[in-house]
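Engineer: Oh and the sequence shown: position 20 is 20 in the numbering used here, straight run, nothing missing.
Quick reminder that beta carbons are idealized off the backbone N, C-alpha and C, glycines included.
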Amino acid sequence: MNKKVLFEGKVTLGNKIVDFRIYKNEEDDIIYYSFETNPQVRNEDQSDFHLGETTRAKTLEHLLYRFSDTYQKEFTTIVEECPNLNF
1 MNKKVLFEGK
11 VTLGNKIVDF
21 RIYKNEEDDI
31 IYYSFETNPQ
41 VRNEDQSDFH
51 LGETTRAKTL
61 EHLLYRFSDT
71 YQKEFTTIVE
81 ECPNLNF
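This is the structure in structure tokens:
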């Protein structure tokens with residue numbers, strides 16, 4: 001299996017940091033894409049949801065859709081649960 005990192009980054013959702021990687025995988029003439037969330041949690045400020053989870057999709061477009069959908073839901077949950085005196 002050949003696994004190539006396409007993108008590596010960190011985003012902040014509310015008060016949590018999310019570490020992620022997006023891969024292109026080639027396995028026996030099959031190409032698919034995957035993202036991995038928080039392969040290592042390094043400190044208490046880093047989010048621990050989906051710890052080490054890998055999600056797969058046949059196309060990069062489908063993977064990015066799933067990625068954005070997951071993080072939109074997580075961000076909404078963080079915002080709803082986080083007390084904010086400005087609201």
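Hey, how far is the Cα of F35 from the Cα of R56?
Structural biologist: Along the sequence shown, read from residue 1 onward, the residue named residue 35 stands at position 35. Along the sequence shown, read from residue 1 onward, the residue named residue 56 stands at position 56. Between F35 and R56, the C-alpha separation is close to 7 Å.
Engineer: Taking C-beta to C-beta, are L13 and F75 nearer than 8 Å?
Structural biologist: Against the sequence shown, residue 13 aligns to sequence position 13. Against the sequence shown, residue 75 aligns to sequence position 75. Yes, they are a contact pair.
Engineer: Apart from the five residues on each side of it in sequence, which residues of its chain come closer than 7 Å, Cβ to Cβ, to G9?
Structural biologist: Counting from one through the sequence shown, the residue named residue 9 turns up at place 9. Closer than 7 Å at the Cβ level, and outside the excluded window around G9, lie F20.
Engineer: Can you tell me which of Y33, M1 and N2 puts its alpha carbon nearest to the alpha carbon of E61?
Structural biologist: Within the sequence shown, the letter at position 61 stands for residue 61. Among Y33, M1 and N2, the Cα nearest to that of E61 belongs to Y33.
Engineer: Can you round the beta-carbon distance between V18 and T37 to whole angstroms, since I take them to be within the 8 Å contact cut?
Structural biologist: Translated into the one-based positions of the sequence shown, residue 18 becomes position 18. Translated into the one-based positions of the sequence shown, residue 37 becomes position 37. Yes, V18 and T37 are in contact; Cβ-Cβ is about 7 Å, under 8 Å.
Engineer: Please name the residue in E80, D29 and F7 whose C-alpha comes closest to that of I22.
Structural biologist: Sequence index remark: in the sequence shown, residue 22 carries index 22 (1-based). F7 is the residue among E80, D29 and F7 whose C-alpha sits nearest the C-alpha of I22.
Engineer: Need the endpoints of the alpha helix (DSSP H) that T70 sits in, please.
Structural biologist: Within the sequence shown, numbered from 1, the residue matching residue 70 stands at position 70. Note, T70: alpha helix (DSSP H), L60 to E81.
Engineer: Would you tell me roughly how many angstroms separate the C-alpha atoms of D28 and I78, rounded to the nearest one?
Structural biologist: What you label residue 28 is simply residue 28 of the sequence shown in a count that begins at 1. What you label residue 78 is simply residue 78 of the sequence shown in a count that begins at 1. Distance between the alpha carbons of D28 and I78 is about 40 Å.
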